[in-house]
Amino acid sequence: MRKQLIALLLSILMVTALLPTAWAENGEAVTETTQSEIATRATGDVAIDSTNFPDANFLAFVDTLAHADPAYFTAAEIADITEIDCGYKNIATLQGIALFTSLERLNCQDNELDSIDVSMMPSLRVLDCHSNPLAGTVMFHENLEELEIWNSQIE
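If you're matching positions, the sequence shown starts at 1138 in the numbering used here and goes up one per residue.
This is how it looks when you write it as structure tokens:
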């Protein structure tokens, strides 16, 4: 009986190992290509979605930045973005901006921002956030060299 049970378990393991298709969460077949793409996503790529960029206006702007895949920035594409000019876009929050790890200049003037936190962005040198209703806090890294906050409530 014990040998039969072991033989049955081994048979099940061999059959499942030989199955050519995996299944995604939505029940659709995952091909080898998409399995490879999924593995690539774990290497520092950033999804262009409302989880990473919850402000719809900021998400729409981020989607206009150069990227090959319509749903993701590769780690290399993120590293190449050193300047962002997202002024005049009615953005209420810049949540997700810290994902741009090589960013040196950020112009977010004339939006709807009441606070800004770029304290985890040591490469950021210039922050222009003037003409926002900044009633909250503006937090920045000690490496910041230039800050423009005129025409706001915290002048």
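The C-beta atom is built at its ideal place from N, Cα and C for all residues, glycine as well. As the structure is a computational prediction, the values presented were derived from the model and not from experiment.
For L1281, the secondary structure class from DSSP, reduced to helix, strand or coil, is coil. For E1214, the uninterrupted alpha helix (DSSP H) run begins and ends at A1212 to D1217, by DSSP.
Between the C-alpha atoms of M1257 and L1243 there is a straight-line separation of about 14 angstroms. If you draw a straight line from the Cα of T1219 to the Cα of C1245, it comes to about 14 angstroms. Shown here for D1247: same chain residues with a beta carbon closer than 6 angstroms to its own, the five before and five after excluded, namely G1224, Y1225 and S1268 in chain order. With the rule of 3 Cβ pairs closer than 8 angstroms, the region 1275-1283 does not count as touching the region 1229-1241. Shown here, A1272 sits in coil according to DSSP, grouped into three states, outside any helix or strand. Per the DSSP secondary-structure output, D1265 pairs in a beta bridge with N1244 and E1285.
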